[in-house]
Amino acid sequence: MKDIVYFLKQVYQYAGWRLFASLIAVTIVSLLDGLAILLLIPLIHFTGMVDFGLENSFLSAYSLFEYVPSSVVLPLILLIFVVIVAVHHLIEKAVMIKHTRIQMGFLTHLRMSIYQDILLSNWSFFLKKSSSDLIHTVLTEIAKTSGGTRSILQLCTNLIFAFVQIGMAFILSPYITCFVLLLGLVAIYMNRKYLKMTQAFGKQNYTLGKKFLAGITDQLGGIKEIKSNHLEAAQLRWAGEMTHQMQEEQVNYMNTRLRSQLNYKISLAVFIAAFVYLSIQLFQAQSATLLLIIVIFSRLWPRVAGIQSSLEQIATAIPSFKAVKLLQSECKQAREELLLSEEKLTLEDSITYQQVSFRYVKEKYALKDINVTIPSKKMTAIVGKSGAGKSTFVDLLMGLNQPQEGTLYIDGQKISNHSLALLRQSIGYVSQEPFLFNGTIRENLLLLCPNATDQEIWQALTFASAADFVKKLPESLETYIGDRGIKLSGGEKQRLVLARVILKDPLILILDEATSSLDTENEKNIQESIEQLKGKMTIIVIAHRLSTIRDADQVIVLDEGKVVQVGEFVQLSKDKNQLFSQLLQRQVEAM
Ligand SMILES: Nc1ncnc2c1ncn2[C@@H]1O[C@H](COP(=O)(O)OP(=O)(O)OP(=O)(O)O)[C@@H](O)[C@H]1O
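In structure tokens, the structure reads:
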């Protein structure tokens with residue numbers, strides 16, 4: 001219930017007065033519907049089919065028609081009937097369009113606001129979350145939430161309709177109405193188990209959908225390994241089992257819903273029969289009253305079944321409501337308050353790590369008591385064995401993670417929220433896994449610097465030793481590179497991403513294993529290019545291949561999260577018993 005109220009509030013926040021306007025329109029539609037039913041009596045009476053004796057009780061209101069000339073009365077009643085029905089359906093159509101607008105608008109609003117919340121969350125949020133779960137929530141669960149919202153609106157519509165019609169029936173005959181309501185409550189009570197069952201289906205559907213998407217994402221991500229190792233059959237078996245389970249779950253769900261609807265339909269026939277019999281026997285109802293009440297309740301009953309159906313749909317949507325709500329609150333907690341600014345960061349002197357420690361898990365430090373200075377406009381290399389903490393070191397500099405102990409300074413100033421935003425704008429980062437999207441080379445290159453000219457683009461490509469291979473492509477800059485750049489080799493991807501970052505002309509250039517896939521010749525060319533950047537920007541390079549950092553002004557050696565050596569390449573290579581020279585020695589031997 002809490003989740004339903006939460007989303008109703010969200011719908012209200014989004015739709016505001018439009019929600020009330022549409023609910024008022026629903027009330028008008030229900031009243032018109034009632035009026036059309038009330039017209040049945042004079043209609044039947046004045047056709048002479050049945051004489052209801054209009055002078056009695058509430059029916060005397062119809063006597064007004066007796067003042068109308070008899071030749072006109074029937075056409076007049078029919079005209080009023082047609083007008084009422086036409087207005088009723090016109091308003092109903094407008095209400096349905098409004099509801100669809102509210103629902104679809106709410107879907108767009110929810111999707112955009114959650115996607116924004118996700119993008120503005122901090123890095124630790126992404127470390128904890130699986131990307132397929134996020135995709136599943138943004139695409140599937142939000143759609144189901146929006147479907148649940150439609151059911152809530154539908155429920156409101158049906159409830160308003162029911163209240164108005166029950167109100168009318170009550171005015172006509174309080175006893176019969178209470179009697180029928182009692183029967184209705186018994187039916188709802190008897191059908192309550194279906195609500196629980198559909199809620200369980202909703203949970204199952206949520207879990208299966210999430211598992212399926214996670215599996216498919218993993219499989220397609222690793223499709224090369226799957227094909228090379230001929231694992232298609234095993235993967236297909238898994239997908240077959242999953243889809244079969246999903247199919248069964250949907251069939252069972254439909255079965256449950258149809259059973260509940262069937263119960264309603266059969267009980268409708270039983271109730272109408274019992275009610276006609278009893279109302280004549282017990283309540284001695286007048287024929288006109290009885291006719292109206294029968295019409296009202298036989299029209300109301302499908303609405304009651306509709307209420308049950310909406311409740312069941314809401315119940316299935318509850319796990320989705322919960323998932324979306326949870327994601328919203330997690331994003332809120334992980335929100336990065338970065339202030340955008342037109343200012344530019346300056347880095348004249350150095351970046352300093354003072355007593356910096358960081359751990360992902362309680363048991364183990366990824367970095368411990370780091371005290372180093374990275375001079376500006378020079379090249380600093382970070383080296384160490386796998387898992388030594390190199391990526392964590394640069395992640396802290398980029399503010400992706402915050403040190404749990406110690407502080408980072410830029411030119412002696414502590415990094416604040418304000419300077420962090422400036423810092424991010426000023427960094428050019430090339431990761432181990434280059435990020436390229438399915439577009440042209442030009443579109444990929446312009447990602448960081450949308451206004452770059454063709455001349456600047458070719459300069460950057462030349463810098464990254466990528467100009468030659470781009471020129472040779474059939475459509476040069478306009479060539480499509482496929483999903484994540486699948487149509488390019490590893491080295492070509494790395495060179496493109498490097499060119500893209502250079503196009504941005506960053507203040508700090510961070511290369512995290514950015515040339516690991518390059519051949520010796522291209523790597524040498526890029527080293528020479530980077531050499532020319534010294535004095536223009538601060539360069540931080542993470543490298544496994546130590547030959548690539550010969551020209552570094554400073555080398556920081558990490559081991560198990562600690563800085564074990566700092567110095568120039570040549571000087572460190574001479575310290576024979578230390579880690580750096582051992583790493584160097586091992587690489588020379590391996591060649
Ligand atoms: N998200 C994470 N959760 C838990 N532990 C992590 C996480 N990321 C890294 N670690 C751990 O922190 C330590 C440092 O990892 P880091 O990625 O910084 O090493 P690295 O030197 O960059 O390694 P490599 O050269 O293999 O990329 C490792 O022990 C690693 O297992």
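Going by full-length UniProt numbering, the first residue of the sequence shown is number 1, and it counts up by one from there. All C-beta atoms in this analysis are idealised placements derived from N, C-alpha and C, irrespective of residue type, glycine included.
Open item on the list: Measuring only the C-alpha atoms, how far is residue 572 from residue 554?
Closed with: Along the sequence shown, read from residue 1 onward, the residue named residue 572 stands at position 572. Along the sequence shown, read from residue 1 onward, the residue named residue 554 stands at position 554. Cα-Cα distance, rounded: 10 Å.
Open item on the list: Give me the residue from 435, 212, 471 with the minimum Cα distance to residue 245.
Closed with: Stepping through the sequence shown from its first residue, residue 245 is reached at position 245. Ranking 435, 212, 471 by Cα distance to residue 245 puts 212 first.
Open item on the list: Going by the DSSP bridge assignment, what does residue 562 pair with across the sheet?
Closed with: Your numbering for residue 562 matches position 562 in the sequence shown. Looking at the DSSP assignment, residue 562 forms a beta bridge with 559.
Open item on the list: Would residue 144 and residue 317 be called neighbours here (beta carbons separated by less than 8 Å)?
Closed with: As a working mapping, residue 144 is identified with position 144 in the sequence shown. As a working mapping, residue 317 is identified with position 317 in the sequence shown. Yes, Cβ-Cβ distance for residue 144 and residue 317 is below 8 Å.
Open item on the list: I need the DSSP call for residue 355, collapsed to helix, strand or coil.
Closed with: Start at 1 with the first residue of the sequence shown, and residue 355 comes out as number 355. In this structure, residue 355 counts as strand in the three-state DSSP scheme.
TODO: Please determine, among 401, 353, 370, the residue with the shortest C-alpha to C-alpha distance to residue 336.
DONE: Looking up residue 336 in the sequence shown gives position 336. Checked all of 401, 353, 370; the closest Cα to residue 336 is 401.
Open item on the list: For residue 201, tell me which candidate among 187, 257, 224, 235 has the shortest Cα-Cα distance.
Closed with: By one-based count along the sequence shown, residue 201 stands at place 201. The shortest Cα separation from residue 201 among 187, 257, 224, 235 belongs to 257.
Open item on the list: Any heavy atom of ligand 1 inside 7 Å of the beta-carbon of residue 127?
Closed with: Taking the sequence shown and counting its residues from 1, one reaches residue 127 at position 127. Under cutoff, so the answer is yes.
Task: Rounded distance between the beta-carbons of residue 509 and residue 399, thought under 8 Å - done: The residue labelled residue 399 in the question sits at position 399 within the sequence shown. The residue labelled residue 509 in the question sits at position 509 within the sequence shown. The Cβ separation is near 16 Å, so there is no contact.
Task: DSSP-derived helix/strand/coil call for residue 401 - done: By one-based count along the sequence shown, residue 401 stands at place 401. Coil, per DSSP.
Open item on the list: On a Cα-Cα basis, can you pick out the residue from 151, 439, 241 that is closest to residue 104?
Closed with: As a working mapping, residue 104 is identified with position 104 in the sequence shown. Nearest of 151, 439, 241 to residue 104, Cα basis: 151.
Task: residue 353 versus residue 471: straight-line alpha-carbon distance, rounded - done: Locating residue 353 in the sequence shown gives position 353, where the first residue counts as 1. Locating residue 471 in the sequence shown gives position 471, where the first residue counts as 1. Near 43 Å, if we compare the C-alpha coordinates of residue 471 and residue 353.
Task: Residues that residue 480 bridges to, as DSSP identifies them - done: Position 480 of the sequence shown, counted from the start, is the residue given in the question as residue 480. Answer is 440.
Open item on the list: Classify residue 519: buried if its beta carbon has 16 or more other beta carbons within 10 angstroms, exposed otherwise.
Closed with: Within the sequence shown, numbered from 1, the residue matching residue 519 stands at position 519. Classification for residue 519: exposed.
Open item on the list: Once the 5 residues before and after residue 154 are set aside, which same chain residues still bring their CB inside 6 Å of it?
Closed with: Residue numbering aside, residue 154 sits at position 154 when the sequence shown is read from its first letter. If we look at residue 154 and ignore the five residues flanking it on each side, its Cβ neighbours are 310.
TODO: Give me the Cα-Cα distance between residue 523 and residue 530, rounded to the nearest whole angstrom.
DONE: The residue given as residue 523 occupies position 523 in the sequence shown. The residue given as residue 530 occupies position 530 in the sequence shown. Their Cα atoms are separated by approximately 10 Å.
Open item on the list: Please return the same chain residues whose Cβ sits closer than 7 Å to the Cβ of residue 260, not counting the five positions on each side in sequence.
Closed with: Here the question's residue 260 lines up with position 260 in the sequence shown. Within the same chain, residue 260 has close Cβ partners 191, 194, 308, 312.
Open item on the list: Using DSSP's beta-bridge definition, name the partner residues of residue 121.
Closed with: Walking along the sequence shown from the start, residue 121 turns up at place 121. According to DSSP, residue 121 bridges with 335.
Open item on the list: Check whether the segment 235 to 253 and the segment 266 to 273 are in contact - that is, three or more C-beta pairs closer than 8 Å.
Closed with: no
- [ ] Determine contact between the segment 415 to 425 and the segment 359 to 374, defined as no fewer than three beta-carbon pairs at a distance below 8 Å.
- [x] no
TODO: Keeping to the same chain, check which residues put their C-beta closer than 7 Å to that of residue 569; ignore five residues upstream and five downstream.
DONE: Taking the first residue of the sequence shown as 1, we reach residue 569 at position 569. So the list reads 549, 550, 552, 555, once near-sequence residues are dropped.
Open item on the list: Tell me whether residue 360, by its Cβ, gets closer than 7 Å to a heavy atom of ligand 1.
Closed with: For the purposes of this step, residue 360 is taken as residue 360 along the sequence shown, with counting starting at 1. The answer is yes for residue 360.
Open item on the list: Using the three-state DSSP reduction, which class does residue 464 fall into: helix, strand or coil?
Closed with: Counting from one through the sequence shown, the residue named residue 464 turns up at place 464. It is coil, neither helix nor strand.
Open item on the list: Helix, strand or coil for residue 567? Go by DSSP, reduced to three states.
Closed with: Sequence index remark: in the sequence shown, residue 567 carries index 567 (1-based). Strand, per DSSP.
Task: residue 271 versus residue 173 - alpha carbon distance - done: Taking the sequence shown and counting its residues from 1, one reaches residue 271 at position 271. Taking the sequence shown and counting its residues from 1, one reaches residue 173 at position 173. Taking the straight line from one Cα to the other gives about 17 Å.
Open item on the list: residue 331 and residue 117 - do their beta-carbons sit closer together than 8 Å?
Closed with: Here residue 117 corresponds to residue number 117 of the sequence shown, with the count starting at 1. Here residue 331 corresponds to residue number 331 of the sequence shown, with the count starting at 1. Taking 8 Å as the Cβ cut-off, residue 117 and residue 331 qualify as a contacting pair.
- [ ] Compute every distance between the C-beta of residue 431 and the non-hydrogen atoms of ligand 1, then say whether any falls below 7 Å.
- [x] Position 431 of the sequence shown, counted from the first residue, corresponds to residue 431. The answer is no for residue 431.
Task: Top-ranked residue by Cα proximity to residue 22, from 72, 73, 31, 91 - done: Here residue 22 corresponds to residue number 22 of the sequence shown, with the count starting at 1. Closest by alpha carbon: 91.
Open item on the list: Tell me the DSSP secondary structure of residue 604 in three-state form.
Closed with: As displayed, the chain neither begins before 1 nor continues past 591, which places residue 604 out of reach and without an answer.
TODO: Pick out the complete alpha helix (DSSP H) segments inside the segment 194 to 253, 4 residues or longer, and give them in chain order.
DONE: 223 to 228
Task: For residue 512 and residue 501, the rounded distance between their alpha carbons - done: Position 501 of the sequence shown holds residue 501. Position 512 of the sequence shown holds residue 512. Cα to Cα, the separation comes out at about 13 Å.
TODO: Could you check which residue in 149, 586, 37 has the C-alpha nearest to that of residue 10?
DONE: Position 10 of the sequence shown, counted from the first residue, corresponds to residue 10. Checking every option, the nearest Cα to that of residue 10 belongs to 149.
Task: Reference residue 326, options 558, 577, 397, 137, closest by Cα - done: Against the sequence shown, residue 326 aligns to sequence position 326. Of 558, 577, 397, 137, the residue nearest in Cα terms is 137.
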